[in-house]
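Numbering-wise (my numbering), the sequence shown opens with residue 212 and increments by one.
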Amino acid sequence: MSEKHTAGASPSQTSPAAGTRHWAGLRAMVIEDEPELAALVGSYFARDGFEVTVSHDGGQGVTAAREIDPDVIVLDLGLPGLDGVEVCRQLRTFSDAYVVILTARSDEVDTLIGLSVGADDYMTKPFSPRELMARVQAMLRRPRPLRQPDDGAEAARTVGDLTIDTAGRDVWLQGDPVALTRTEFDLLAALAERPRMAFSRRQLIDHVWGETWVGDEHLVDVHIGHLRRKLGDDAAEGRFVRTVRGVGYRMGTGQ
Numbered sequence: 212m213s214e215k216h217t218a219g220a221s222p223s224q225t226s227p228a229a230g231t232r233h234w235a236g237l238r239a240m241v242i243e244d245e246p247e248l249a250a251l252v253g254s255y256f257a258r259d260g261f262e263v264t265v266s267h268d269g270g271q272g273v274t275a276a277r278e279i280d281p282d283v284i285v286l287d288l289g290l291p292g293l294d295g296v297e298v299c300r301q302l303r304t305f306s307d308a309y310v311v312i313l314t315a316r317s318d319e320v321d322t323l324i325g326l327s328v329g330a331d332d333y334m335t336k337p338f339s340p341r342e343l344m345a346r347v348q349a350m351l352r353r354p355r356p357l358r359q360p361d362d363g364a365e366a367a368r369t370v371g372d373l374t375i376d377t378a379g380r381d382v383w384l385q386g387d388p389v390a391l392t393r394t395e396f397d398l399l400a401a402l403a404e405r406p407r408m409a410f411s412r413r414q415l416i417d418h419v420w421g422e423t424w425v426g427d428e429h430l431v432d433v434h435i436g437h438l439r440r441k442l443g444d445d446a447a448e449g450r451f452v453r454t455v456r457g458v459g460y461r462m463g464t465g466q
């Protein structure tokens with residue numbers, strides 16, 4: 212366990228160890244008030260080549276995230292003072308980093324609240340750091356952008372008033388930009404790529420989180436709900452995201 216990860220309450224930073232270049236150039240943040248756990252998680256990221264920043268305080272973590280612009284953030288839900296939900300809410304005002312919530316509470320409500328403010332995934336303590344890294348690696352391997360059409364045309368799809376640019380990862384509704392998290396965009400792009408297909412939750416998880424992801428598949432419902440709110444899409448109408456009873460979800464027609 213590296214001492215560089217346990218330096219007080221202020222954010223500490225360390226470079227990747229020699230020979231660990233798998234994710235070289237990417238930045239990870241660990242915001243966790245238990246120093247030993249933060250150091251352990253940070254050491255796993257450093258081992259894989261990430262540049263790691265650790266903070267034991269929510270407010271300081273938000274400040275550090277503004278400065279370093281991390282690619283992935285591991286965030287404890289039960290931080291003192293500025294708790295993980297509020298930290299995540301603030302992060303989402305300026306960062307599209309992947310956010311994985313850690314929680315010691317098995318209460319589903321706590322988890323769903325955390326996800327509703329823009330977290331991408333969650334793990335309940337105690338957890339395996341190797342499983343955490345496997346999930347992070349699966350997220351980072353998501354195809355981005357989606358494959359270009361064979362004819363070389365721009366990978367933009369229009370559904371009613373909604374335009375989805377899968378190459379530029381931009382979304383517009385009635386000409387106005389819509390700010391989506393990476394996970395929300397990936398779900399929308401997956402549905403739009405095959406608009407006539409009804410996807411099961413498991414199929415969407417395989418596409419967005421990766422085939423090795425294990426957990427509650429209702430995670431998809433939380434992100435779909437958040438996506439619908441941002442698109443002003445009522446679940447009963449399903450203009451853009453339609454619920455297919457007994458199956459899952461498919462792309463709407465925009466009508």
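Don't be surprised by glycine CBs; every beta carbon is placed ideally from N, CA and C.
| Query | Result |
| --- | --- |
| Separation of residue 344 from residue 264, as counted between CA atoms | 16 Å |
| Every unbroken beta strand (DSSP E) within the segment 411–464, with a cutoff of 3 residues, ordered by chain | 452–455 and 459–462 |
| Environment of residue 268 [buried if 16+ CB atoms lie within 10 Å] | buried |
| Where residue 334 sits in the DSSP three-state scheme | strand |
| Backbone secondary structure at residue 303 - three-state DSSP | coil |
| Beta-bridge partners of residue 286, as assigned by DSSP | 242 and 312 |
| Residue burial classification, residue 427 (beta-carbon count within 10 angstroms, cutoff 16) | exposed |
| For residue 258 and residue 405, the rounded distance between their alpha carbons | 38 Å |
| Burial state of residue 466 (16 or more Cβ within 10 Å) | exposed |
| Residues of its chain near residue 255, where Cβ-Cβ distance is below 6 Å and the 5 sequence neighbours each way are ignored | 340 and 344 |
| Beta-carbon gap between residue 281 and residue 334 smaller than 8 Å | no |
| Burial state of residue 386 (16 or more Cβ within 10 Å) | exposed |
| Spatial distance of residue 352 from residue 450 (CA atoms) | 30 Å |
| Limits of the unbroken beta strand (DSSP E) element including residue 407 | Premise fails: residue 407 is in no beta strand (DSSP E) and is neither H nor E. |
| 8 Å Cβ cutoff met for residue 286 and residue 242 | yes |
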